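Asks: In terms of my numbering, the numbers along the sequence shown are unbroken and rise by one, the last being 456.
Below is one structure. I have some questions about it.
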Amino acid sequence: MSIVTVQLGQCGNQIGHEVFNAICGDVHGTHGLCSKTENESYRDACKERFFREEESEVPVARAVLVDMEPKVISQTLSIAARSGYWKYNSRSHFCQKQGSGNNWANGYSVHGPKHKEVIMDLVQKEAEKCDRLGGFFTIMSMAGGTGSGLGAFVTQCLRDAFPTSFILNHVIWPYGTGEVIVQNYNSVLTLSHLYQSSDALLVHENDVIHKICAQLMNIKQISFRDVNQVIAHQLGSVFQPTYTAEGGLHYSRNPLGDLMETLVPHPEFKMLGLRNIPQMPENFLAYSAFSWPGLIKHLRQMLIANAKMEEGIDWQVRPPRLGSTLPSSHSTNKPLHFNTSIANLVILRGKDMHSVDLGSFQDPSLYTSWLNPQAAFNAWKTPRAFNKYEKSASLVSNSQFLLKPLDSVVGKAWNMFASKAYIHQYTKFGIEEEDFLDSFTALEQVISSYSNL
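Rendered as structure tokens:
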């Protein structure tokens, strides 16, 4: 099944480009470290998923590019075309000249309705080119105006136009000390609206990726491109083909559907986080050896201690002892920094992955009391290595990992709202104080639900 990617705003378009680059680089790499037939079926599954073949022989990305300024899209189109490995469809993009001025209301209430027909027509055309449509993957930032406001509007339109298709929103969480003064307003409005129309939100925090670039990738002067490449690598590690069943003979056909089925058992809980290990500069790989037990041990501790990367993990955090089965005492007995999960998915890529013991992820104490741990944990595997890493493991987790950042963003936005700061910038585009209050209420409910796991 194929995925149509919708790239929204400057951030969405730059990350989308790096994602297709990473996927293409992985497919064309000679580093599969597996049999020829395995490599070929992997390649075919990947191409059907993200690209379509045209007469020119160069695969065309199944994507729609949307921005309210032309610069980034024209750069993105030409860089992709010059690569020679893949390209965008030159007619699958839409841009304007004026931008959204970092104002969510401008993107949502003005640009959205004004350009809805053109944008949705592009999406419809792209969807019709799929033999089997698996769903939509949108990429957007929460801080600005186009990605966030127009992104939320387009997601609602996708839900109306394709009521039975899966929609996964990839959301970039802004830097804590971001440069957009109203980023917390934009974030609160984006999240609350996406929560209504999306099947799940896959979140990357800029601060976390920045740390990975500095501490694991040893990059001295970090650019947005460095950050985007790390994000693209992590997304590729999830979306590239895998076997979802033990001893499966065919690569998974519907990655978005499989992801939702595995990780979103209840519509109240839609926040997904992603960890990927190991991560290091390419020139270090030749001198590094990894064992599966070591990788799994690190990944599990990253989960329960809510560590965002393999350095600086708090090894003191332990799962609570399940002495009592009462839900009320179950939640109060938890150690302070323990990260409770609803569902987890581990993805293993590389040699000997069938011998890996994943029992430690099936420990009932990792999960909320109302779900069976057997149902809450899944593993996908493939012997084909990913992106030059002989062995790599990814964890997609529906857990309390975002509670702190979410609480912080809502708190900061509420403090500004209480003093009526910048509200007039939103009301002039038709977003009223009541809309803000509805958004605060919706997110307080999400915070409360995750807190009570």
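Note that the Cβ used here is the ideal one computed from N, Cα and C, for glycine as well.
Only a predicted model underlies this, so the values are computations on that prediction, with no experimental measurement involved.
1. Could you please give the first and the last residue of the uninterrupted beta strand (DSSP E) stretch that includes residue 410?
2. Residue 10 bridges to which residues according to DSSP?
3. By the 10 Å Cβ neighbour count, where 16 or more other Cβ atoms means buried, how is residue 470 classified, buried or exposed?
4. Per DSSP, residue 381 forms a beta bridge with which residues?
5. Checking the sheet assignment: what are the DSSP bridge partners for residue 98?
6. Who are the near neighbours of residue 441 in its chain, counting only those whose CB is closer than 8 Å to its CB and skipping five residues on each side?
7. Checking the sheet assignment: what are the DSSP bridge partners for residue 402?
8. Grab me the residues of residue 67's own chain with a C-beta within less than 8 Å of its C-beta, minus the 5 sequence neighbours each way, in chain order.
9. At a cut of 8 Å, does the region 422-430 reach the region 198-208 through at least three beta carbon pairs?
10. If you drop the 5 nearest sequence neighbours on each side, which residues of the same chain put their C-beta closer than 6 Å to that of residue 277?
11. Starting from residue 52 and walking both ways along the alpha helix (DSSP H), at which residues does that stretch end?
12. Would you check if the distance between the CB atom of residue 306 and the CB atom of residue 280 is smaller than 8 Å?
13. Can you tell me whether DSSP reads residue 253 as helix, strand or coil?
14. Are three or more beta carbon pairs between the region 401-410 and the region 340-348 nearer than 8 Å?
15. Does the pairing of the region 99-118 with the region 46-63 give three or more beta-carbon distances under 8 Å?
16. Since residue 322 and residue 366 are thought to touch, with beta carbons under 8 Å apart, how far apart are those beta carbons, to the nearest angstrom?
17. What are the boundary residues of the alpha helix (DSSP H) that includes residue 446?
18. Return the first residue and the last residue of the alpha helix (DSSP H) that residue 185 is part of.
19. Using the C-alpha atoms, what's the distance from residue 145 back to residue 268?
20. Can you check DSSP and say which residues form a bridge with residue 392?
21. Does DSSP put residue 169 in a helix, in a strand, or in coil?
22. Taking the alpha-carbon of residue 100 as reference, which of 177, 29, 149, 436 has the nearest alpha-carbon?
23. Considering only DSSP beta bridges, list what residue 278 is partnered with.
24. Under the rule that 16 or more other beta-carbon atoms within 10 Å means buried, what is residue 221, buried or exposed?
25. Between the C-alpha atoms of residue 119 and residue 157, what's the straight-line distance to the nearest angstrom?
26. By the DSSP assignment, the beta strand (DSSP E) with residue 204 in it spans what residues?
27. Near residue 331, what residues of its chain come up, given a Cβ to Cβ distance below 8 Å and the 5 sequence neighbours on each side ignored?
28. Smallest Cα separation from residue 79: which of 16, 25, 380?
29. Roughly how many angstroms separate the alpha carbons of residue 431 and residue 74, rounded to a whole number?
30. So the alpha helix (DSSP H) residue 359 belongs to, where does it begin and stop?
31. Counting C-beta neighbours from all protein chains within 10 Å, is the total for residue 254 16 or more, i.e. buried, or is it exposed?
Replies: Judging by the given coordinates:
1. On the sequence shown, residue 410 is found 407 positions in, with the first residue counted as 1. Counting along the chain, no beta strand (DSSP E) covers residue 410; the unbroken alpha helix (DSSP H) around it starts and ends at 406-421.
2. For the purposes of this step, residue 10 is taken as the residue at position 7 of the sequence shown. When DSSP reads this structure, residue 10 sits in a beta bridge with 68, 142.
3. Missing from the structure shown is residue 470; the chain here goes from 4 to 456 and no further.
4. Locating residue 381 in the sequence shown gives position 378, where the first residue counts as 1. The bridge partners DSSP lists for residue 381 are 348.
5. In the sequence shown, residue 98 corresponds to position 95, counting from 1. According to DSSP, which records beta bridges pairwise, residue 98 is partnered with 70.
6. Your numbering for residue 441 matches position 438 in the sequence shown. Within the same chain, residue 441 has close Cβ partners 195.
7. Reading the sequence shown from its first residue, position 399 is the one you call residue 402. The bridge partners DSSP lists for residue 402 are 344.
8. Locating residue 67 in the sequence shown gives position 64, where the first residue counts as 1. Only 7, 8, 9, 10, 95, 96, 97, 122, 125, 126, 129 meet the Cβ criterion.
9. Touching, no.
10. What you label residue 277 is simply residue 274 of the sequence shown in a count that begins at 1. Apart from the 5 residues on each side of it in sequence, residue 277 sits with its Cβ closer than 6 Å to the Cβ of 237, 399 in its chain, given in chain order.
11. As a working mapping, residue 52 is identified with position 49 in the sequence shown. Residues 39-53.
12. Looking up residue 306 in the sequence shown gives position 303. Looking up residue 280 in the sequence shown gives position 277. In this structure, residue 280 does not lie closer than 8 Å to residue 306 by Cβ.
13. As a position in the sequence shown, residue 253 is number 250, starting the count at 1. Per DSSP, reduced to three states, the secondary structure at residue 253 is coil, with no helix or strand assignment.
14. Contact holds: three or more Cβ-Cβ distances are below 8 Å.
15. Touching, no, given that fewer than three Cβ pairs across the two stretches are closer than 8 Å.
16. Looking up residue 322 in the sequence shown gives position 319. Looking up residue 366 in the sequence shown gives position 363. About 6 Å separates the two Cβ atoms, so the contact holds.
17. By one-based count along the sequence shown, residue 446 stands at place 443. Start and end: 436-454.
18. Here the question's residue 185 lines up with position 182 in the sequence shown. From DSSP, residue 185 is part of no alpha helix (DSSP H); its letter is neither H nor E.
19. As a first step, residue 268 must be located in the sequence shown, where it is residue number 265. As a first step, residue 145 must be located in the sequence shown, where it is residue number 142. Distance between the alpha carbons of residue 268 and residue 145: 25 Å.
20. Here residue 392 corresponds to residue number 389 of the sequence shown, with the count starting at 1. In the DSSP output, where bridge partners are listed per residue, residue 392 has 389.
21. Numbered from its first residue, the sequence shown carries residue 169 at position 166. For residue 169, the three-state secondary structure derived from DSSP is strand.
22. Position 97 of the sequence shown, counting from 1, holds the residue named residue 100. Comparing Cα-Cα distances from residue 100 to each of 177, 29, 149, 436, the minimum goes to 149.
23. For the purposes of this step, residue 278 is taken as the residue at position 275 of the sequence shown. Paired residue(s): 398.
24. Walking along the sequence shown from the start, residue 221 turns up at place 218. Classification for residue 221: exposed.
25. The residue you call residue 119 lines up with position 116 of the sequence shown. The residue you call residue 157 lines up with position 154 of the sequence shown. Whole-angstrom Cα-Cα distance: 8 Å.
26. Here the question's residue 204 lines up with position 201 in the sequence shown. From DSSP, the beta strand (DSSP E) with residue 204 extends over 203-208.
27. Position 328 of the sequence shown, counting from 1, holds the residue named residue 331. Confidence at residue 331 is low in this model, with a pLDDT of 42, below 50, so its placement is unreliable and the value that follows should be read with caution. Counting only residues of its own chain and dropping the five nearest sequence neighbours on each side, residue 331 has no CB closer than 8 Å to any other CB.
28. Taking the first residue of the sequence shown as 1, we reach residue 79 at position 76. If we check each option's Cα against that of residue 79, 16 comes out closest.
29. The residue you call residue 431 lines up with position 428 of the sequence shown. The residue you call residue 74 lines up with position 71 of the sequence shown. Taking the straight line joining both Cα atoms gives about 27 Å.
30. Position 356 of the sequence shown, counted from the start, is the residue given in the question as residue 359. Bounds of any alpha helix (DSSP H) do not take in residue 359, whose DSSP letter is neither H nor E.
31. For this step, residue 254 is matched to residue 251 along the sequence shown. A buried status is given to residue 254, since no fewer than 16 other beta-carbon atoms sit within 10 Å of its beta-carbon.
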